[in-house]
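Undergrad: Could you have a look at this structure, given as structure tokens, before my questions?
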Amino acid sequence: MVDSVAAAGLINPEDASKTGQSRNKLAKDLDSFLTLLTTQLKAQDPLSPMDSTEFTNQLVQFAQVEQQIAQNENLENLLASTIKTQQAMAVNFLDSYVEAETNKVMLQNGQAVFTYGLSDRAKNVTVTVKDTDGNVVRSFAGEPSQGLHKITWDGTDYNGNPVEDGVYLLEVNATERDDASEDETLETWTTAIGRVTGVASDDKATYLAIGDLSVDMNKVLGVFATLPGEAGGDADGGDGGAGDGAGDGAGDGTGGGDAGDGTDTDTADV
Numbered sequence: 001m002v003d004s005v006a007a008a009g010l011i012n013p014e015d016a017s018k019t020g021q022s023r024n025k026l027a028k029d030l031d032s033f034l035t036l037l038t039t040q041l042k043a044q045d046p047l048s049p050m051d052s053t054e055f056t057n058q059l060v061q062f063a064q065v066e067q068q069i070a071q072n073e074n075l076e077n078l079l080a081s082t083i084k085t086q087q088a089m090a091v092n093f094l095d096s097y098v099e100a101e102t103n104k105v106m107l108q109n110g111q112a113v114f115t116y117g118l119s120d121r122a123k124n125v126t127v128t129v130k131d132t133d134g135n136v137v138r139s140f141a142g143e144p145s146q147g148l149h150k151i152t153w154d155g156t157d158y159n160g161n162p163v164e165d166g167v168y169l170l171e172v173n174a175t176e177r178d179d180a181s182e183d184e185t186l187e188t189w190t191t192a193i194g195r196v197t198g199v200a201s202d203d204k205a206t207y208l209a210i211g212d213l214s215v216d217m218n219k220v221l222g223v224f225a226t227l228p229g230e231a232g233g234d235a236d237g238g239d240g241g242a243g244d245g246a247g248d249g250a251g252d253g254t255g256g257g258d259a260g261d262g263t264d265t266d267t268a269d270v
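In terms of full-length UniProt numbering, the sequence shown opens at residue 1 and continues consecutively.
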């Protein structure tokens, strides 16, 4: 059985940037307010000074802006601290297997595992693997039932020749009937599962490296101690027929963040 945990509590670092921008705007507004207030005080007629009620209201507004700036600074510090914690957490993912939302998959050691989801039952499903230049490497006839389906690709092309490890693109086309037009295709999505080989970060996000594939940590749906399906056996698209573990492997697939909801898919070449 695959051990898994949900990747939760991940904060998008872009929020910190937005908070900083908001704080800077408030600071500029405060400077403008102070300039206006001091100008009014200097220019007021000593014989007809500013109305006390109006002056009090302006001071209250000044205090509110100051309070907002302080709150934003505290929030920005909190977000920065959370981001650092997230970056430290990312190191723990090294050598683990993660599932992430992406339309790409990393072929590692001649094997790639990915899932696709269907919003409704389909008539026909075609799953296509392309290289980074857009050339079709392999296509499979997918399971048409609604929900999530996991495919293990053995890293071979149509002729059974092994292809190089690296990043490949995933495309899923699902239609409700044979003569469906392009705008009648079902909603689909894909995730990829692979071993984390590195961690990186910039001022926007923390990234996990799955070989040459980089995924945003906020896109991680699950973490696994071993590659899902290693023990039970997945459907292997490389043999052009049902995988040896099509029955035993059911439940090891993942998607939508919940391990065990997917099904191993019997696939055949298209």
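Glycine is no exception: its CB is placed at the ideal position from the N, C-alpha and C atoms.
It should be emphasised that the depicted structure is a prediction, and the values quoted were computed from it without experimental measurement.
#1: Do V167 and T132 have their C-beta atoms closer together than 9 Å?
#2: Using a Cβ-Cβ distance under 9 Å, would T156 count as near chain D?
#3: Beta-carbon separation of G194 and L170 under 9 Å?
#4: Would you tell me roughly how many angstroms separate the C-alpha atoms of V199 and G211, rounded to the nearest one?
#5: Could you tell me the boundaries of the beta strand (DSSP E) in which D216 lies?
#6: I need the straight-line Cα distance from D269 to E143, nearest angstrom please.
#7: Going by the beta-carbon positions, is the gap between P228 and V113 smaller than 9 Å?
#8: Just to confirm my understanding: we take Q146, look at its own chain, exclude 5 residues before and 5 after, and list those with CB closer than 6 Å. What are they?
#9: Is the beta carbon of V129 closer than 9 Å to that of V137?
#10: By the DSSP assignment, the beta strand (DSSP E) with residue 278 in it spans what residues?
#11: Please name the residue or residues paired with V105 in a DSSP beta bridge.
#12: Does DSSP put F93 in a helix, a strand or coil?
#13: The beta strand (DSSP E) that contains L221, what's its start and end?
#14: Where DSSP assigns a beta bridge to D269, which residues make up the other side?
#15: When we look at the beta-carbon of N72 and count the other beta-carbons within 10 Å, is it buried (16 or more) or exposed?
#16: For K150, count the other beta carbons within 10 Å of its own beta carbon; 16 or more makes it buried, fewer makes it exposed. Which is it?
#17: When DSSP labels each residue in this structure, what does N72 get in the three-state scheme?
#18: Could you check how far apart the C-beta atoms of T226 and A209 are, in whole angstroms? I think they sit under 8 Å.
#19: Based on Cα-Cα distance, which residue from L221, T175, T56, E187 lies nearest to K123?
#20: Beta-carbon within less than 7 Å of N173's beta-carbon, same chain only, minus the 5 sequence neighbours each way: which residues are those?
#21: Are the beta-carbon atoms belonging to T102 and T190 less than 9 Å from one another?
#22: With a threshold of 16 other CB atoms inside 10 Å of the CB of V90, please say whether the residue is buried or exposed.
TA: Judging by the given coordinates:
#1: yes
#2: Chain labels in this structure do not include chain D; a single protein chain is all it has.
#3: no
#4: 11 Å
#5: 213-216
#6: 12 Å
#7: yes
#8: L118, D120, R121
#9: yes
#10: Not covered by the structure: residue 278. The range shown for the chain is 1 to 270.
#11: Y168
#12: coil
#13: 220-224
#14: F140
#15: buried
#16: buried
#17: helix
#18: The pair is not a contact, with the Cβ atoms about 19 Å apart (cut-off 8 Å).
#19: T175
#20: T126, T185
#21: yes
#22: Checking the displayed sequence, the identity of residue 90 turns out to be Ala instead of Val. Counting Cβ neighbours within 10 Å, A90 comes out buried, since at least 16 surround it.
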